[in-house]
Ligand code: MSP
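In my numbering, the protein residues as written are 803 to 1285.
Shown next as structure tokens:
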């Protein structure tokens, strides 16, 4: 295997949903990592996917509710919408997944056939609860004290008795547990691994992997049985392999780095590795399971009216501001409580009064002092030297990267305050040149966090691909307006 390969994925979002800050956060984390590794490993060694989960009852019902006769047309329009949101927020994905792509559907069937051939699938009757909100059969451990789904309304949970195909998940649970314990199934942070292990230890049932076609018309046919449709979650997980197949990037497996929220850890770190083991594939390289963004202590939900959309964020803070804020508040291990008050504070401190002000002041003083900055782009490649950033990135701690960035800006500010170059810019010419050079280094290091800002400043100074001397420095203000 080529160790340099880095395949980064986000969950594929339910097509009927409207993108909110939570989806945006997961996607931005993956985008930042993809940008970082494209720089350090080379563009050709990184593959970044995001996209939509387009099958299942919830999508079908939502199409109906919105008066669409043709579900395909509904998901086509949704895909266009989600893509637009990711495009305008500068998410630089390499492939946008859509599970109604015929090639994906075919691949999913071939994959399931492998589970059947391995002797891991049998037919049985399922009796129990199904939650349409989660699109899953609820086991005892999923239910709250009232016997309801803790995440969805009571009317979304129905008693079900139906014929299904089952996958022998219980057979694979001990092996997956072992892989989790040894770290071979590399799941960060440790707290999420512990939670999962505890759930596995509490007992694992076999998994229903199909539903009668009459109940879920909008699904992929189960291999060898047209009366059954593939359970949407099973087919969704397979996107991580079908995307490589479709794009002829099979050599990126098993270099997969899955990024996802805690709500779907069970699917990604028990069910998915079990499927892979049964079908004869290697397990993914790493999975990052983050917590949730919550608003004023509460889960983000339409009914609570506290949904923050990516549009609202970019309107208030710009594309770069929105990106920075979700990364700086990344719910790494615990949930992160956010609000516009907090965002305003972070944005003003780190971007408007921080970076924006610094670039403005320094370029102004450099202009007055007639500085010539020698930019040596060879030296401006500190990805190699910035061990701290590298370590944080390898642990997915992008909030720590932002914290370090903020501290570096503060150190800059302190140096300026102590040196007071504005009292005599010409006499401080050398100092100013040095500081501007250092600031460009900072922009280069944190380019994966603030890509457009770096580009803007470099373009303003006329810095292109190779090292060059900037003859005339002109003031650059208004990078980040205060809110
Ligand atoms: N379709 C499934 C995933 C299939 S992947 C093979 C699904 N979709 S979802 O639309 O519900 O998106 C879930 C993901 O969105 C979460 O795992 C998480 O990454 C992200 N988030 C949704 N709400 C979130 C927050 N409030 N905070 C942070 N991330 C959140 O589940």
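Where a beta carbon is used, it is the ideal one built from N, C-alpha and C, also for glycine. Model, not experiment: these values are computed from the prediction.
| Under the three-state DSSP convention, the category residue 1154 falls into | helix
| task | Grab the span of the alpha helix (DSSP H) containing residue 1254 for me, first residue to last. | result | 1253-1263
| field | Contact with chain B by residue 1136, beta-carbon distance below 8 Å | value | In the structure shown, chain B does not exist; there is a single protein chain.
| request: Just mark residue 858 as buried or exposed, buried being the case when its beta carbon has 16 or more other beta carbons within 10 Å. | output: buried
| field | Sequence-distant residues of its chain with Cβ nearer than 8 Å to residue 978 (five each side left out) | value | 987, 1002, 1071, 1072, 1075, 1076, 1079
| said: Let's test the definition: count the other Cβ atoms within 10 Å of the Cβ of residue 1281 and tell me whether it reaches 16, buried, or not, exposed. | reply: buried
| Alpha carbon of residue 1117 to alpha carbon of residue 1141, nearest angstrom | 15 Å
| field | Inter-stretch contact at 8 Å, needing at least 3 Cβ pairs: the stretch 1229-1249 / the stretch 1161-1175 | value | yes
| said: Tell me whether residue 1094, by its Cβ, gets closer than 7 Å to a heavy atom of the ligand MSP. | reply: yes
| query | Among 1217, 1250, 931, which has the Cα closest to the Cα of residue 1240? | reply | 1217
| Going by Cα to Cα distance, which pick from 1004, 808, 1039, 966 is closest to residue 853? | 1039
| request: Quickly, what does DSSP pair residue 810 with across the bridge? List them, please. | output: 850, 1059
| field | Rounded Cβ spacing between residue 1043 and residue 898 (contact assumed at less than 8 Å) | value | Not a contact, Cβ separation roughly 16 Å.
| message | Considering Cα atoms alone, identify which of 1210, 906, 1101 is closest to residue 1045. | response | 906
| request: Identify, in the order they occur along the chain, each residue of the same chain with its Cβ nearer than 7 Å to the Cβ of residue 856, setting aside the five sequence neighbours on each side. | output: 817, 877, 900, 901, 902
| task | Going by DSSP, name the residue or residues bridged to residue 940. | result | 931
| query | When the Cβ atoms of the stretch 1188-1206 are set against those of the stretch 1117-1134, are three or more pairs found closer than 8 Å? | reply | yes
| task | Return yes when the C-beta of residue 813 is under 7 Å from any heavy atom of the ligand MSP, and no when it is not. | result | yes
| said: Whole angstroms are fine: how far does the CA of residue 844 sit from the CA of residue 1184? | reply: For residue 1184, the predicted model reports a pLDDT of 48, less than 50, meaning its position is unreliable; a value from the coordinates is still stated below. When rounded, the distance between both Cα atoms is 15 Å.
| Over what stretch of residues does the beta strand (DSSP E) that includes residue 775 continue unbroken? | Outside the modelled stretch of the chain, which goes from 803 to 1285, sits residue 775, for which no answer is possible.
| query | Starting from residue 895 and walking both ways along the alpha helix (DSSP H), at which residues does that stretch end? | reply | Element bounds for residue 895: n/a, residue is neither H nor E.
| request: Indicate the three-state DSSP secondary structure (helix, strand or coil) for residue 1112 in the structure shown. | output: helix
| Residue from 1124, 1191, 1108, 1065 whose Cα sits closest to the Cα of residue 1245 | 1191
| Pairwise C-alpha distance: residue 1060 and residue 807 | 14 Å
| task | Leaving aside the five residues before and after residue 1204 along the sequence, list all residues of the same chain whose C-beta is less than 6 Å from its C-beta, in chain order. | result | 1129, 1130
| message | Just to confirm the assignment, what range does the alpha helix (DSSP H) spanning residue 1085 have? | response | Residue 1085 -> no alpha helix (DSSP H), and no H or E assigned at all.
| task | Report the rounded CA-to-CA distance for residue 1188 versus residue 994, giving the unit in angstroms. | result | 28 Å
| query | Under three-state DSSP, which class holds residue 1275? | reply | coil
| message | Contact defined as beta carbons within less than 8 Å: I believe residue 926 pairs with residue 966. What is the distance between those atoms, to the nearest angstrom? | response | 7 Å
| To the nearest angstrom, how far is it from the Cα of residue 1084 to the Cα of residue 969? | 18 Å
| query | Do residue 1081 and residue 809 have their C-beta atoms within less than 8 Å of each other? | reply | no
| query | What first and last residue would you give for the alpha helix (DSSP H) that runs through residue 1217? | reply | 1200-1221
| task | Spatial neighbours of residue 911 within its chain, please: CB distance less than 6 Å, with the 5 preceding and 5 following residues excluded, ordered by chain position. | result | 1025
| query | Does the Cβ of residue 1038 lie closer than 7 Å to at least one heavy atom of the ligand MSP? | reply | yes
| Between residue 828 and the ligand MSP, is the CB less than 7 Å from at least one heavy atom? | yes
| query | Within 7 Å: the Cβ of residue 825 and any heavy atom of the ligand MSP? | reply | yes
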